[in-house]
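Peer 1:
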Amino acid sequence: MIIGSAEAISPDLGTIHRLPQVSLDEVAAKAPRIDLVKIDVEGSEEAVISGLMRTLLRDRPAPSP
12 MIIGSAEAIS PDLGTIHRLP QVSLDEVAAK APRIDLVKID VEGSEEAVIS GLMRTLLRDR
72 PAPSP
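Each residue of the sequence shown is one higher than the last, beginning at 12 in the working numbering.
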């Protein structure tokens, strides 16, 4: 799922850098354990949680207040 795209950004705002998109599960898989998760997103909570589901089930980290 792509939340935003470079095509939606005006070239007048500066340089557009294209970066590979990876899930948080892919990043967290390299860590032996995840103990705490803090998510600060506006309107993309479902996408973030779905990309972190394997890690949440594996490690059951504490949510941040």
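Cβ coordinates follow ideal geometry from the N, Cα and C atoms, glycine included.
So I50 packs on V38, CB below 8 Å; how close in whole Å?
Peer 2: Contact doesn't hold; Cβ gap of about 14 Å is too wide.
Peer 1: Would you report the Cα separation of K73 and L67, rounded to the nearest angstrom?
Peer 2: Residue 73 is actually Ala in this sequence, not Lys. So the alpha carbons of these two residues sit roughly 9 Å apart.
Peer 1: Name, in chain order, the residues that DSSP records as bridge partners for A73.
Peer 2: L47
Peer 1: Please report how far the alpha carbon of Q32 lies from the alpha carbon of L63, in whole angstroms.
Peer 2: In this structure, the CA atom of Q32 is about 14 Å from the CA atom of L63.
Peer 1: In terms of residues, what are the limits of the alpha helix (DSSP H) holding V38?
Peer 2: L35 to A39
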